[in-house]
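J.: The sequence shown begins at 1 in the UniProt record's numbering and counts up by one.
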Amino acid sequence: MKYERFILWNGKMLDTTNEQPHIDLEERGLQFGDGVYEVIRVYKGTLHLLDPHITRLYRSMEEMELTLSLSKAELIASLYELLAKNQFQEDGIIYLQISRGVQPRVHTFSFDATPTIYAYIRKKERPALWIEYGIRAITEPDVRWLRCDIKSLNLIPNVLASTKAERKGCKEALLVRNGIVTEGSHSNFFLVKNGTLYTHPANHLILNGIVRQYIISLAHTLHIPLQEESFRVHDVYKADECFFTGTTFEVMPLTHLDGTAIQNGQVGPITKLLQKTFMQSFSTSSVFWS
Ligand code: PDD
């Protein structure tokens, strides 16, 4: 299954049935992973939580000293155009990537390269059964660099951890650095203990997920106490409830960690309440371009 027909390619809408994008061998995204990206959820043709994704993208670029001539408003307009051009009305994701551009291969970057920017849409159904019944995860050492707050293209530790999880029949790897639970390989992590939600603080050790931020705001609205505080693996086993959050995961219950059930593998009431409230954020909106 391929991505949708029209793609955004360096400021143009490319029809991939007639034309394929050409990537130079010395594109720095390809050679150094010198770039940033976002994965944005599309529910029934509507972009979900777009503004915070774009804000985080520009922050990531700033931290990488990557300058784009396109304004946030122009970028947003081209994503809407991408949806409209593909007449996309289903559930999917937009993958958006901006990399440094083409330069002769040396480690030092110069500021005169033009960034490469592309975006495409891919159909993706909601993982409804996993959301309802929960998933299993393994623990893995968090061996990533110390700027996990930047959504950069360098994902090898995440890729290896995720693959290891899958080989063990699990859907996620929970990363642990110096005994502290940081986040998942492609998601954030929360636990509930005595009615309070806990999640790792948004510092350089985790990506400040857009769904994470949204769940924190929902917790405030629903008067669920929340602490951005670090915790250890044994706290996870003793938790009343646990879940991952992410653009494709939504609010994903964790039922078993390294083969051991957490609270008999049942999905807890606070998790269910947050799932229900999260779903309301996209099930009530209408298709923007009709
Ligand atoms: N990943 N932490 C990491 C390491 C992630 O890669 C992601 C998302 C998250 C959750 O962020 P958000 O709520 O903004 O999706 C946390 C995306 C989906 C990916 O790389 O495919």
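We put the CB at the ideal spot given by N, CA and C, even for glycine. Values in this document were obtained by computation on a predicted structure and should not be read as measured data.
#1: Between which two residues does the beta strand (DSSP E) harbouring M279 extend?
#2: With a threshold of 7 Å, establish whether the CB of S187 neighbours any heavy atom of the ligand PDD.
#3: Mind checking whether R147 and E26 have CB atoms under 8 Å apart?
#4: Kindly confirm or deny that the segment 38–45 and the segment 82–95 touch, where touching means at least three C-beta pairs closer than 8 Å.
#5: If you draw a straight line from the alpha carbon of M252 to that of W145, how long is it in whole angstroms?
#6: Taking 7 Å as the cut-off, is the beta-carbon of G209 closer than that to any non-hydrogen atom of the ligand ZN?
#7: Can you tell me which of L274, K168, R5, A219 puts its alpha carbon nearest to the alpha carbon of K123?
#8: I need the boundaries of the alpha helix (DSSP H) containing K12, first residue and last residue.
#9: Among H22, E62, T55, which has the Cα closest to the Cα of A73?
#10: In angstroms, rounded to a whole number, what distance separates the CA positions of T108 and N264?
#11: L175: which of D15, L257, E63 sits nearest, CA to CA?
#12: Quick one: give me the first and last residue of the beta strand (DSSP E) that Q97 is part of.
#13: If contacts are defined as beta-carbon pairs under 8 Å, then I7 and T17 qualify, I think. What distance do you get, rounded to the angstrom?
#14: For the segment 62–86, list the alpha helix (DSSP H) runs that are entirely contained and at least 4 residues long, ordered along the chain.
#15: When the Cα atoms are used, what is the spatial distance from Q97 to T116?
#16: Would you say the beta carbon of G246 comes nearer than 7 Å to a heavy atom of the ligand PDD?
#17: Quick check: the segment 169–186 against the segment 124–143, are at least 3 beta-carbon pairs closer than 8 Å?
#18: Using the C-alpha atoms, what's the distance from L226 back to L68?
#19: Tell me the DSSP secondary structure of N188 in three-state form.
#20: Using C-beta distances below 7 Å, list every residue in its chain close to Q142, excluding the 5 sequence neighbours before and after it, in chain order.
#21: Would K151 pass as a contact of L82 if the rule is Cβ separation under 8 Å?
#22: Have a look at S110 and R28 and give me their C-alpha separation to the nearest angstrom.
#23: Any heavy atom of the ligand PDD inside 7 Å of the beta-carbon of G184?
#24: Decide if the segment 217–234 is in contact with the segment 190–197; the criterion is three or more beta carbon pairs, one per stretch, under 8 Å apart.
#25: Looking at R126 and the ligand PDD, is the gap between the Cβ and the nearest heavy atom below 7 Å?
#26: Could you tell me which residues DSSP pairs with Y43 in its beta bridges?
#27: Just checking R212 against the ligand PDD - is the residue's beta carbon closer than 7 Å to any of the ligand's heavy atoms?
T.: Once the coordinates are examined:
#1: Membership of M279 in any beta strand (DSSP E) is not indicated; the residue belongs instead to the alpha helix (DSSP H) covering 269–283.
#2: At least one heavy atom of the ligand PDD lies closer than 7 Å to the C-beta of S187.
#3: The answer is no: Cβ separation not under 8 Å.
#4: With a cut-off of 8 Å on Cβ pairs, the segment 38–45 is in contact with the segment 82–95, counting three or more such pairs.
#5: Each residue's Cα considered, the two are about 26 Å apart.
#6: As presented, the structure is devoid of the ligand ZN, carrying the ligand PDD as its sole ligands.
#7: Of the candidates L274, K168, R5, A219, R5 places its Cα closest to the Cα of K123.
#8: For K12, there is no enclosing alpha helix (DSSP H); the enclosing beta strand (DSSP E) covers residues 12–15.
#9: When C-alpha distances from A73 are compared across H22, E62, T55, the shortest belongs to T55.
#10: Answer to the nearest angstrom: the Cα atoms are 53 Å apart.
#11: Of all alpha-carbon atoms in D15, L257, E63, the one lying nearest the alpha-carbon of L175 is that of L257.
#12: Looking at the DSSP string, the run of the beta strand (DSSP E) that includes Q97 is 92–99.
#13: 11 Å between Cβ atoms; not a contact.
#14: Entirely contained in the segment 62–86, the alpha helix (DSSP H) runs reaching 4 residues are, in chain order, 72–85.
#15: So the alpha carbons of these two residues sit roughly 8 Å apart.
#16: Checking the Cβ of G246 against the ligand PDD gives yes.
#17: Proximity of the segment 124–143 to the segment 169–186 meets the contact definition, three or more beta-carbon pairs being nearer than 8 Å.
#18: Computed Cα separation, rounded: 36 Å.
#19: The answer is strand: DSSP assigns N188 an E or B state.
#20: Residue identity check: residue 142 is Asp in the sequence provided, not Gln. Contacts found: L175, V176, R177, T182.
#21: No, they are not a contact pair.
#22: Rounded to whole angstroms, S110 to R28 spans 11 Å at the Cα level.
#23: Correct: G184 has its Cβ closer than 7 Å to the ligand PDD.
#24: By the criterion of at least three beta-carbon pairs nearer than 8 Å, the segment 217–234 is in contact with the segment 190–197.
#25: No, Cβ of R126 sits at least 7 Å from all heavy atoms of the ligand PDD.
#26: Beta-bridge pairing by DSSP links Y43 to T46.
#27: Yes.
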